[in-house]
Amino acid sequence: MQHESRSEIETTPSYPDSGSCLSAGSRSESLSGAPGRSGLPRRGFLGAAAVATALVAAPARGAMVAEVPKTIVPPEGKRVLLSCKLGMIAKKAGGKELSLVERLKMAADAGFDGVDFDEAGAYTVEQAKAAVWEAGVFCHNAINHAHWQATLTNQDPAIRAKGVANIEHCIRVSHAIGGSGVLIVIGKGEDGTPQECDERASSEIRKLIPLAASLGQPILIENVWNKIHYDHDKPPEQSAERFVKFVDSFNSRWVGMYYDIGNHWKYGQPREWLRQFGHRAVKLDVKGFSRAKNKFVDITSEDDDLPWGEVQAGLKEIGFAGWATAEVGGGDVERLTIVRKQMEKAFGLVG
8 MQHESRSEIE TTPSYPDSGS CLSAGSRSES LSGAPGRSGL PRRGFLGAAA VATALVAAPA
68 RGAMVAEVPK TIVPPEGKRV LLSCKLGMIA KKAGGKELSL VERLKMAADA GFDGVDFDEA
128 GAYTVEQAKA AVWEAGVFCH NAINHAHWQA TLTNQDPAIR AKGVANIEHC IRVSHAIGGS
188 GVLIVIGKGE DGTPQECDER ASSEIRKLIP LAASLGQPIL IENVWNKIHY DHDKPPEQSA
248 ERFVKFVDSF NSRWVGMYYD IGNHWKYGQP REWLRQFGHR AVKLDVKGFS RAKNKFVDIT
308 SEDDDLPWGE VQAGLKEIGF AGWATAEVGG GDVERLTIVR KQMEKAFGLV G
């Protein structure tokens, strides 16, 4: 996600996932007895046995045989799976509004392996789930950009509670659509001292871990320009040590990093940060950045001086396997295809 704050998206704090798995079970009733003991004459016994066999072989009377739902899966065998943010996909085409289903399909048409559902705050769990299943496009993650306003570092407990509710909703959305995590921005450095911000955010994240664990959705912290865990006004070659310390403070497999490679190329070496993050780097955000011009640019463009070869080496060293998501200017299928090809070049996935 971009380092700048975003306008809040209205959302109902928590939507229960009403989706359920329908299973058809069978109850077997045994007919026991033997000739001379059951009270049935031999002919009657054989007839009863035949009836019992037929009952076992046939579905129970009135039972509904539910159609097995399709399974949406990403391509198998790839160490780096490529996706784009839902927010990158055009909302209009040919003068008409595009449905969520149509937008998701555009990502697939552009050749992406999946989508990061970063508009979770705009949809109920049921709406998101229905659209993803209809589109048949794999969505690996959920985000609600309202975390820029309802921060977990805020001194107001009511605002922090709203932030927790937003993340709970994301966890439920990601679970319902088949995802494997939620990205969060923990807050803003202006909310307090470094110690106060860490203590507040830590307390709120700990409240979320049980739900995250029960639904299999890791809480993944993104490194952004929020003046937390790095020195915003100091020169580059900083380390990722403070991010690592914060993640490790939870001592939980359900808290990790969604490492944005482009965001902190301004402040540190990506290969070194990847080594420090190690297994904590669960997913990646991808954008180009020019140190020379101090601005975000297209991935692998002429102005992008991010050392992608070093990124590739770092990923190999830590044994990374997972999702890398573009977070750049998007648009129609043609534009999305260009971004996908840029990502392939950045990660050495072409040729």
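The numbering of the sequence shown is my numbering, which starts it at 8 and goes up by one.
From the three backbone atoms N, C-alpha and C, an ideal C-beta is built for every residue, glycine too.
Item                                                                                                                                                                             : Value
At a cut of 8 Å, does the stretch 80 to 99 reach the stretch 137 to 144 through at least three beta carbon pairs?                                                                : no
In angstroms with no decimal places, state the Cα-to-Cα distance between residue 26 and residue 299.                                                                             : Here the model assigns residue 26 a pLDDT of 36, short of 50, so the residue's position is not dependable, and the following value carries that caveat. About 50 Å.
Can you find a CB in chain D that lies within less than 8 Å of the CB of residue 353?                                                                                            : Absent from the structure is chain D; it holds one protein chain and no more.
Quick one: any contact between the stretch 152 to 171 and the stretch 112 to 123, if contact means 3 or more CB pairs under 8 Å?                                                 : no
Could you compute how far the alpha carbon of residue 88 sits from the alpha carbon of residue 329?                                                                              : 6 Å
Output yes or no for whether 8 Å exceeds the beta carbon distance between residue 243 and residue 196.                                                                           : no
Using only the alpha-carbon positions, how far apart do residue 331 and residue 189 sit?                                                                                         : 14 Å
Out of curiosity, what's the CA-to-CA distance linking residue 237 and residue 181?                                                                                              : 29 Å
Where DSSP assigns a beta bridge to residue 189, which residues make up the other side?                                                                                          : 149 and 226
Drop a sphere of 10 angstroms on the beta-carbon of residue 277, count the other beta-carbons inside from all chains shown, and report buried for 16 or more, exposed for fewer. : buried
Below 8 Å, can you find three or more Cβ-Cβ pairs linking the stretch 164 to 179 to the stretch 210 to 222?                                                                      : yes
Which residues in the same chain as residue 48 place their Cβ atom closer than 8 Å to its Cβ, once the five residues preceding and following it in sequence are excluded?        : At residue 48 the pLDDT is 42, less than 50, meaning the model places this residue with poor confidence and gives no usable figure here.
By Cβ distance, which residues of its chain are closer than 7 Å to residue 107, with the 5 residues on each side in sequence left out?                                           : 138
If you draw a straight line from the alpha carbon of residue 273 to that of residue 292, how long is it in whole angstroms?                                                      : 15 Å
How long is the line joining the alpha carbons of residue 214 and residue 341, rounded to whole angstroms?                                                                       : 42 Å
Quick check: the Cα distance between residue 356 and residue 167, rounded to an integer number of angstroms?                                                                     : 41 Å
To the nearest angstrom, how far is it from the Cα of residue 211 to the Cα of residue 235?                                                                                      : 16 Å
If you measure between the beta carbons of residue 306 and residue 346, is that distance less than 8 Å?                                                                          : yes
In this structure, how does DSSP classify residue 116 when only helix, strand and coil are distinguished?                                                                        : helix
Under three-state DSSP, which class holds residue 338?                                                                                                                           : strand
Using the Cβ count rule (16 or more neighbours within 10 Å means buried), how would you classify residue 149?                                                                    : buried
Work out the CA separation of residue 202 and residue 160 for me, nearest whole Å.                                                                                               : 10 Å
What number of angstroms, rounded off, separates the C-alpha of residue 411 from the C-alpha of residue 231?                                                                     : Because the chain here runs from 8 to 358, residue 411 falls outside it and cannot be looked at.
Residues in its own chain within less than 8 Å of residue 81 by CB, not counting five upstream and five downstream?                                                              : 88, 120, 121, 145 and 147
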